[in-house]
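Here our numbering is used: the first residue of the sequence shown is 1, the next is one more, and so on.
Think of the CB as a built atom: it goes at the ideal place given N, C-alpha and C, for glycine as much as any other residue.
Read the structure below first, then the notes.
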Amino acid sequence: MPTVLGIAFSLPLHKAPGRCQLDSEGSGDKSDLRVGSPVVVVEAPPMLKTATAMPSLRINSGLVKHGDVGRIIARKPKDVWAIRLAIGTYLIDGKYFKPLDVIE
C-alpha cells in the first residue's frame, strides 16, 4: 500500500470507460461529421449563439432558416457544433441540421 507523509492510502480501481452508442432514430448519420463537412439546416433553431470569443445568445428572428447550407468549423460538447453559414458562425445543436449529400 503506498504512503504519503506516513499516511497509507489505497488507489481506487477504475474500469476502462465504455463507449457510448448513438441511437439510430436521429435525423441523418452524425457519425461521419467532421470539421469541413457540409451540412444543411433541417429546422430553424429558436435561439442562436454566436461562435465568437465573447458569444452572445439571441432569438432567431429569421437569420437561420430551414434549408440554409453551411460548413462545420468545430465540435463542441453535447452534440453542439460550430457551423459557418453565409451570415456568420453559430453554435447549433445537432438536432437542427443533417449532413449534406453532395453528388459529384
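{"Asked": "State the DSSP-derived secondary structure class of glycine 94, mapped to helix, strand or coil.", "Found": "helix"}
{"Asked": "Would you tell me roughly how many angstroms separate the C-alpha atoms of isoleucine 92 and isoleucine 103, rounded to the nearest one?", "Found": "25 Å"}
{"Asked": "Please name the residue, chosen from Gly70, Ala44, Gly88, Arg75, that lies closest to aspartate 101 on a Cα-to-Cα basis.", "Found": "Gly70"}
{"Asked": "Smallest Cα separation from glycine 67: which of Thr50, Ala53, Pro45?", "Found": "Pro45"}
{"Asked": "Relative to the C-alpha of glycine 62, which candidate in Lys78, Val41, Pro99, Trp81 has its C-alpha closest?", "Found": "Val41"}
{"Asked": "Would a C-beta distance cut-off of 9 Å place lysine 49 and tyrosine 90 closer than the cut-off?", "Found": "yes"}
{"Asked": "Under the rule that 16 or more other beta-carbon atoms within 10 Å means buried, what is alanine 86, buried or exposed?", "Found": "exposed"}
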